[in-house]
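What follows is a set of notes on a single structure, which appears directly below.
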Amino acid sequence: MIRILLADDHALVRNGVRLILEQQPDMQVVAEAADGAEVLALLRDVEVDLVVLDIAMPTMTGLQAAREITRRRNPPKILMLSMHDNEQYFFSALRLGASGYVLKSVVDEDLVGAVRAAVRGEAFVYPGAMGSLVRDYLDRIARGERVPETVLTPREDEVLKLVAEGRSTREIADLLSISVKTVEKHRSSILARLGMNDRTQLTRYAIRAGLIEP
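If you count the sequence shown from 1, you need to add 6 to reach the working numbering.
Set out below in structure tokens:
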């Protein structure tokens, strides 16, 4: 059972998120909080696997709480919730140790997958942020700046370009007359050729190497 602490200053939001999570047979919300300070107090008494934090809360924000949580010995995993599609918030959350950033507008679609990714030790990178990383990479190439060494095939170049344009996997498949599975294979190959094993490494490397401006 994945034990979850849910924090949001709006009770209606908490109720909705709790309902989504507890529809899963292996997920249980064992505690709720209305601000970051309450989260830290609860963690002294309640053992959890994951903390879901709203970014904007009174008294202590989700980002401030995340900073304190990651200083603990054996801290739980952290997911951030936000109504803002904001890359600055996303990268700040990642730097503070969060495993992902879920937009409230699509919480019913993304939250369960994000929880499972976090528990597996992976990052949940929402599509808008992933597209931003790739666009930044392409922009640096266009400006002639130094980027990580990579050799992409012509087809991978096409897939990379379309991903950077914000195209979905299905749209890319249709435009290139290939299957969705082939698009996913090319995307995985691109990550591998950039020297990364997963999206977590790609995102953190991009921040560290200056490929993106948090």
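Glycine residues also receive a C-beta, built at the ideal position from the N, C-alpha and C atoms.
CB of residue i within 9 Å of CB of residue j, strictly
i	j	result
residue 66	residue 103	no
residue 63	residue 13	yes
residue 20	residue 53	no
residue 59	residue 78	no
residue 56	residue 124	yes
Closest Cα partner of residue i within the set the options
i	options	result
residue 17	57, 39 and 101	39
residue 130	62, 86 and 28	86
residue 113	45, 15, 25 and 11	25
residue 97	161, 177 and 69	69
residue 191	121, 127 and 175	175
residue 22	111, 73 and 46	111
residue 71	47, 80, 51 and 91	47
residue 165	186, 149 and 193	193
residue 91	80, 106 and 122	106
residue 32	82, 81, 122 and 73	122
residue 81	28, 15 and 11	11
Secondary structure of residue i, DSSP reduced to three states
i	result
residue 183	coil
residue 8	strand
residue 16	coil
residue 109	strand
residue 88	strand
residue 116	helix
residue 155	Any reading at residue 155 must be qualified, since the residue scores a pLDDT of 46, below 50, and its modelled position is unreliable; no value is offered.
residue 48	helix
residue 102	coil
residue 54	coil
residue 208	Any reading at residue 208 is ruled out, since the residue's pLDDT is 46, under 50, leaving its predicted position unreliable.
Integer-rounded CB distance, given that residue j should sit under 8 Å from residue i
i	j	result
residue 118	residue 30	6 Å
residue 184	residue 162	Their Cβ separation, rounded to whole angstroms, is 12 Å, which puts residue 184 and residue 162 out of contact at 8 Å.
residue 75	residue 84	6 Å
residue 35	residue 28	6 Å
Next on the checklist: List, from N- to C-terminal side, the beta strand (DSSP E) runs of 3 residues or more that fit wholly inside the region 20–46.
Outcome noted: Counting whole runs of 3 or more residues, the region 20–46 contains the beta strand (DSSP E) stretches 33–39.
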